[in-house]
Amino acid sequence: MENLFGIPMQSIMIALLVAFGLCLGVGGWIYLRHRIIFRMGIRNARRRPAQTSLIVIGLMLSTLIIAAALTTGDTLNYSIKSTVLDILEHTDELVVPANGDDAEANVQPGVTFPQQVAADLEAALAGDAVIDGVMPVLTQPVPILNPKTQLSEPMVTAVGIDPAALGPFGGLRDIEGNDIELTALPEGAVVLGKTTAERLDAVVGDTLTVYVENEPHDVTVAAIASDSILTGMQDPGQAGGFVMALDRAQALLELPGQISFIAVSNAGGVADGAEATDAAVTAIEQALGEAPYQAVRVKQRALDMAEEGANVFTSIFLVLGLFSIAAGILLIFLIFVLLAAERKPEMGMARAVGMKRRQLTEMFLAEGIAYDLVSAMIGAALGVGVAFVIAGVMGRLVGEFFDIVPTAHWRSLVVAYSLGVVVTFATIAISSWRVSRLNIVRAIRDIPEPQRQRAGNRWLIFGILGVVLGALLMWVGADTDKLFPYSIGISLLPLSLAAALRRFGLPARLLYTVASLFVLTYWLLPDSLHQKLFPVLSGGMEMFFVSGVMMVAAATMAIIWNAEVATSLVGLLGRTFSRWLPAVKTAVAYPLASKGRTGMTIAMFSLIVFSLVMMATIDRNFTELFSGEEAAAGWDIAATRVASDPMPAFDQALAESGVDTSKVAATGRLRQVASYSSEIRMAGTQEWKRYTINGVDAAFIEHSHLPVKIRATGYDSDAAIWEALRQNPDLAVIDGFALEGPTVQVGSPSNFILQGVQAGDTTMEPIQVEIGDPLSGRTRTVTVIGVLDPKVSMIFGLFVNDAAFDQVFAQPNQTTYYVQTQPGTDDVAFAKEIKAKLIAYGVQAESLEKLIEQETAISRGFLLLIEGFMALGLVVGIAALGVIAFRSVVERRQQIGMLRAIGYQRSMVAASFLIESTMITVLGVGSGTILGLILSRNLMTSDEFTGSSGAAATFLVPWGTIALFVGIALAAGLLMAYIPARKAASVPIADALRYE
Amino acid sequence: MPATPRSQLAPVEAARDTDVIIRAEGVEKTYDTGKLRVPALRGVDLTVGRGEMVAIMGPSGCGKTTLLNCLSGLDTIDKGTILIAGTDLSKLSDNARTEFRAREMGFVFQFYNLLPVLTAVENVELPLLVSGVRPKEARQRALEVLAQVGLERWANHKPAELSGGQRQRVTIARALVNRPAIVWADEPTGDLDSQTADEVMALMRELNQTNRQTFVVVTHDPRIGGMCDRIIRMQDGQIVSDGTAA
Ligand SMILES: Nc1ncnc2c1ncn2[C@@H]1O[C@H](COP(=O)(O)OP(=O)(O)O)[C@@H](O)[C@H]1O
Ligand SMILES: [Mg+2]
């Protein structure tokens, strides 16, 4: 990967290496200045191996997450790029009839132009240093059948290339690597692409049937070559095709003297050829002069998209990984608090004999750096491991399109390692400073710090600073329309105010409760109320993290300061099972007494569970949204045809080919012009935009179930809208993707946006738009009278009736015949039958239910993968519980002895520990679940969301998934408490009581 | 003071006739630290009658705490027998022994007497709760005993908020709240100044006399010893003298 969040990786690496150097420098400085302190620090690390390994786990987590995210990016980047290069090989640019801007222009099926253009171009470019190859290519989609195996593909690409021009494109080789001479092949022989060969189960020597203009032609397989643009594979995941010499292809396809595009190869190899793209395009454009053709930067564009795609994934993994990183930071802090508690008497002693406070800080810091350097190394290595597991899962999900090759780039590892070290160092520095504040006398006698009613001036100062900072952030956010600073500010302000007010002796509990409830209200208020009370600002994916951190902080504070309420509930339980009451009493008292530890552990669990619940809920509702009953508008089978040669009416074609039409309940036709070959603009504006445009026939309208989300005034039902559209060629309906909404906009900037109606509106005024065909040059105005409900996820674009369509468009890019089957029909089998019997027409038929399933399977797979990645954070919470539980047994050894002496049974002591851990886990998991559910419910039912994606007011809760997460957290929590609990139960009484 | 449900105290009831509550014979105990074998008790014979207040005295390290722990069943012995109200605690299961302690014994340890996370009254009511007394009743009795030791006003404070003497009085309240037959006290006044020590000691003596409970008090303070019925002196793990206080 070259960039991350738009910053070059190289710069990120250098900056981080500088910061890393600073951390090392601090460590070195402590070492040189006070070797003793340094050695004390290191020795402490060696003293307790079990504890040390828990600490290492805690410290390595940030690095692990970062390394996994970056390496996943590397893997995707590499895998997509190599797939792209495999397909394009030496082809760097294409020349096609002018059809749009750089980002969009492409080869258009069915559009051909004279071969002479290639000859002229080659002549004009002769001697150009940048370009070393120009080759005319003809491509046409054709149906193909292997009579031997009865396997067919309705749409493969027949390719004709000029053998004389093939040299600079690397020639043509079969899969064993032997050169293929196209001119030496006998008449009717073709070179078959690997994927097509696999799908047809064809081998060399087989005779295949190709249909051109519905007429069968026999071709024989002379060789099988790897998939590339030269053998008919233009994009990963397609069916591929076959290649023959250009003149023979022109004869077969009945397109004499015609080609579809001119392939251009830049000087240089497959990978570095793309570097000369700009120069090559300039040269091509000069050579083309005024001719109506344009150069398409296919390779550069594909490589950029690979980079972008990899980046999107890295960003998703990083932002979602932030939850685990935040939990990891809390864990580090917690570990240091515990370490300090353990060493309190020694530290007090050291201070008493003259060690300065700064030196104590430095001692912790030295120890921390030693831990840090080692654990970041382990974290980076494990991160790569995690990324490779992710790569394995992705390979299963998208293996059809890309060969996922696990790849770790050294630069990513350096970035992950140094970033991990720096983040951990910063946490350690703050923790060290914090824990080295202690009262010498109290420390030596190991007396707990008293809780003061009235806080010191320090709180006042921090509080005022927080209030000022919060107000500043709110102001900046409101001023620049950014939710990110505003929301942090509005959360920080009340909490800081509460801290400041403590100085004046107001009860802390009241202050913090009120402040945290205010923060929770801000985040959890339903949309409608929220918009009335607070400014509406814009934010992106980062808000997911901010909302999580702020809500969890506030909720944890509220819980901690009101834990008596929660614990009295547990106490009530204890009353019911009175035998366990004493165990409950102590279990409840300890976490209440150390609010800091308890709070941090609750917050860790809460944060991770919050993020998991949010993801799972969004996942569930989206899946439901796009794969619900309405997704296919009531149709069962889609039979799609790309070929433009004539075909009888669909019903007639079915009957004539011997398909069992008694299974058909209804059919409808939708002809589609893809966004790259259509034009659309708001009436009266200048610039043409792009959008998919559909012409639908009366039967389609009659039999489809197409709910309308926003109706134009004057139409009081969905049926009225469709009836009007059927009769009147001046009317149109458009889908929700054309609307502007505050949620993420998909698609490129040249996508058409419908003005005058917003996502979330319920009614609209009719809106005039102009549609056009760049090939025929015809245009027409239509009036949009409705916006389609996005629940219809399988059908999209602008809809007009057949009459309007025929007035503008010369021919569709594809025609889809929708079929409703009789109840009880096996749609998958019936689709297969249609596909087989209509092979001559190149009809590709699929069960819509199966298509939806396949699509959601991939997206669900990715969401599950991401959830699994996020669940790594649970390790943090579990480690924290373990650290605390082990530490508690050591700390409370004498107290356990005393309890046993006064009559606590062994089981009671163990139960007390288990109840304590479980209570903390339950509080954390519970608050995380509740926050996650409320927030996702608000999100899913907000106008903004329902408006742009149409989620109904129904909100689905993935109880199963949530139960799984909660179950794992609770089980792991119990397990982590079980071992120390057993240890505690077997403490020898007299021994425990004896020593101080 | 309301009547204790004496039915719970069957073993003690049975031993009442003899009026001997503690009988130890030939008790030996050696600590084996792996490197070092420390003979802490070297043949101790001892009998204590019901309602007696016995002081165990002797130089530091002579085995006083060890003896107390062994007699009360907190620690195991290598040789000899110990009968408490006729019951050999070492023959009981850990659970039965624990229950016996909960019902029949009260403890005042040298260190670590109170749970720092619980309030005074919560600390005091713990022994009642472990022996299954209803929470309401336990709280009421704990408050009564706290009142007896003069700490009703401090019932809802945590140990860290109390002075050393107050803390020790809470401990005594806890040791007495379940009306135990025997109270074991290991240096109960060790950390206290002499005036507070006297107050605490006087309190124990008073309770001993009103409730006819047996007290075994380890101390190295002769003045404390002087307030008891009987002084047992130890040296090097053996009893060297046993007699009524001068
Ligand atoms: N757990 C132990 N391991 C080894 N030696 C011990 C242990 N407990 C006590 N001792 C030793 O046993 C002897 C008696 O100790 P203790 O009963 O505490 O004496 P006292 O209470 O009279 O001061 C001392 O020498 C002490 O060092
Ligand atoms: Mg002692």
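Residue numbers (our numbering), protein chains in the order written: chain D, 535 to 1530; chain V, 1249 to 1494.
Cβ coordinates follow ideal geometry from the N, Cα and C atoms, glycine included.
Residue i, DSSP secondary structure in three states
| i | result |
| --- | --- |
| residue 1222/D | coil |
| residue 1272/V | strand |
| residue 1298/D | strand |
| residue 1301/V | strand |
| residue 1485/D | Note that residue 1485/D scores 43 on pLDDT, short of 50, meaning its location in the model is unreliable; the coordinates nonetheless yield the value given after this. Note: residue 1485/D maps to coil in three-state DSSP. |
| residue 905/D | helix |
| residue 890/D | coil |
| residue 707/D | strand |
| residue 1239/D | coil |
| residue 822/D | helix |
| residue 1520/D | coil |
| residue 1056/D | helix |
| residue 1375/D | helix |
| residue 1468/V | coil |
Contact set between residue i and chain D, taken where Cβ atoms lie within less than 8 Å
| i | result |
| --- | --- |
| residue 1366/V | 1119, 1120, 1123 |
| residue 1346/V | 1434, 1437, 1438, 1439, 1440 |
Chain-ordered neighbours of residue i on chain D, where CB pairs are closer than 7 Å
| i | result |
| --- | --- |
| residue 1317/V | 1524 |
| residue 1361/V | 1432 |
| residue 1295/V | What residue 1295/V touches in chain D: nothing, since even the nearest Cβ is about 22 Å away. |
Proximity of residue i and residue j at Cβ, strictly below 9 Å
| i | j | result |
| --- | --- | --- |
| residue 904/D | residue 555/D | no |
| residue 752/D | residue 743/D | yes |
| residue 1408/D | residue 1451/D | no |
| residue 810/D | residue 802/D | yes |
| residue 782/D | residue 841/D | no |
| residue 959/D | residue 906/D | yes |
| residue 1174/D | residue 1349/D | yes |
| residue 690/D | residue 671/D | no |
| residue 1149/D | residue 1404/D | yes |
| residue 1034/D | residue 998/D | yes |
| residue 630/D | residue 827/D | yes |
Listed by chain order, chain V residues near residue i by CB distance under 9 Å
| i | result |
| --- | --- |
| residue 1400/D | Neighbours of residue 1400/D on chain V: none; closest Cβ ~41 Å, over 9 Å. |
| residue 1457/D | The contacting residues do not exist; residue 1457/D stays about 17 Å from chain V at best. |
Closer than 7 Å at the beta carbon, the chain V residues around residue i
| i | result |
| --- | --- |
| residue 1116/D | 1374, 1377, 1378 |
| residue 1440/D | 1342 |
| residue 1448/D | None at all; the shortest Cβ gap to chain V is about 17 Å. |
| residue 1435/D | 1322, 1349, 1355 |
| residue 970/D | By Cβ distance, chain V contributes nothing, its closest Cβ being about 22 Å from residue 970/D, past 7 Å. |
| residue 1058/D | Here the premise fails: no neighbours, minimum Cβ distance about 33 Å. |
| residue 999/D | The premise fails here: residue 999/D is roughly 31 Å from chain V at the closest Cβ pair, so nothing lies under 7 Å. |
| residue 1003/D | What residue 1003/D touches in chain V: nothing, since even the nearest Cβ is about 35 Å away. |
Closer than 8 Å: residue i CB and nearest ligand 4 heavy atom
| i | result |
| --- | --- |
| residue 1307/V | Of the ligands this structure carries, namely ligand 1 and ligand 2, none is ligand 4. |
Cross-chain neighbours of residue i in chain V, by beta carbon under 8 Å
| i | result |
| --- | --- |
| residue 1103/D | Within chain V, no residue comes near residue 1103/D; the closest Cβ sits about 15 Å away, beyond 8 Å. |
| residue 556/D | Residues of chain V passing the Cβ test: none, with the nearest at roughly 42 Å. |
Min CB distance residue i to chain B below 9 Å
| i | result |
| --- | --- |
| residue 1422/V | This model lacks chain B altogether, as its protein chains are D and V. |
- Residues of the segment 1369–1394 of chain V with Cβ closer than 8 Å to any Cβ of chain D, in chain order: Those residues of the segment 1369–1394 of chain V that come within reach of chain D (Cβ to Cβ, closer than 8 Å) are 1370, 1374, 1375, 1377, 1378, 1379, 1380, 1382, 1383.
- Item | chain V contacts made by the segment 867–894 of chain D, where a contact means CB separation under 9 Å | Among the residues of the segment 867–894 of chain D, none has a Cβ less than 9 Å away from any Cβ of chain V.
- Name, going along the chain, the residues of the segment 1123–1150 of chain D whose beta-carbon falls closer than 8 Å to a beta-carbon of chain V. Flagged, chain order: 1123, 1124, 1126, 1127.
- Task: Would you check if the segment 1413–1431 of chain D and the segment 1510–1520 of chain D touch, i.e. whether three or more CB-CB distances between them fall below 8 Å?
- Result: They touch, by the three-pair rule.
- Meets three-Cβ-pair contact criterion under 8 Å: the segment 1390–1398 of chain V and the segment 1351–1365 of chain V: No contact exists between the segment 1390–1398 of chain V and the segment 1351–1365 of chain V.
- Message: For the structure I just gave you, are there three or more beta carbon pairs, one from the segment 1149–1168 of chain D and one from the segment 654–670 of chain D, closer than 8 Å?
- Response: The segment 1149–1168 of chain D is not in contact with the segment 654–670 of chain D.
- Message: Quick test of the definition: if touching needs 3 or more C-beta pairs under 8 Å, does the segment 789–803 of chain D touch the segment 600–616 of chain D?
- Response: Segments in contact, no.
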